[in-house]
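Numbering (the numbering used here), first residue to last: 3 to 93.
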């Protein structure tokens, strides 16, 4: 099982708040940040699963999972954009 330090937990939480700022419009971003701030103590240490040996089942696993999914989505977007550029060049 992965063991994140207190510094890593806080850093991941700040990264998540930055993702919210960069991704959502002001109204939705504000509501999301209010929720995450209200539950901050819980969210920072929440595992992605409560079942032992499951996906991201460690303290801080939920936020690390969300950050991983965001990074994967960004990579998929880049591949899609390159594919569109390549397709338009062929036409």
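Note that beta-carbon positions come from the ideal geometry of N, C-alpha and C, so glycine has one too.
Drop a sphere of 10 angstroms on the beta-carbon of residue i, count the other beta-carbons inside from all chains shown, and report buried for 16 or more, exposed for fewer.
{"i": "residue 14", "result": "buried"}
{"i": "residue 73", "result": "exposed"}
{"i": "residue 29", "result": "exposed"}
Report the rounded CA-to-CA distance for residue i versus residue j, giving the unit in angstroms.
{"i": "residue 21", "j": "residue 89", "result": "30 angstroms"}
{"i": "residue 52", "j": "residue 45", "result": "13 angstroms"}
{"i": "residue 81", "j": "residue 87", "result": "10 angstroms"}
{"i": "residue 36", "j": "residue 24", "result": "16 angstroms"}
{"i": "residue 47", "j": "residue 56", "result": "16 angstroms"}
Tell me which residues share the same chain as residue i and place their Cβ nearer than 7 angstroms to its Cβ, disregarding the 5 neighbours each side in the sequence.
{"i": "residue 49", "result": "58, 59, 60, 61, 63, 64"}
Under 8 angstroms, do residue i and residue j count as touching if we go by C-beta distance?
{"i": "residue 38", "j": "residue 18", "result": "yes"}
Comparing the C-beta of residue i with each C-beta of chain B, is any distance below 8 angstroms?
{"i": "residue 21", "result": "The chain labelled as chain B is not found in the depicted structure, where only one protein chain is given."}
Inside the stretch 20 to 47 only - beta strand (DSSP E) runs reaching at least 3 residues: none
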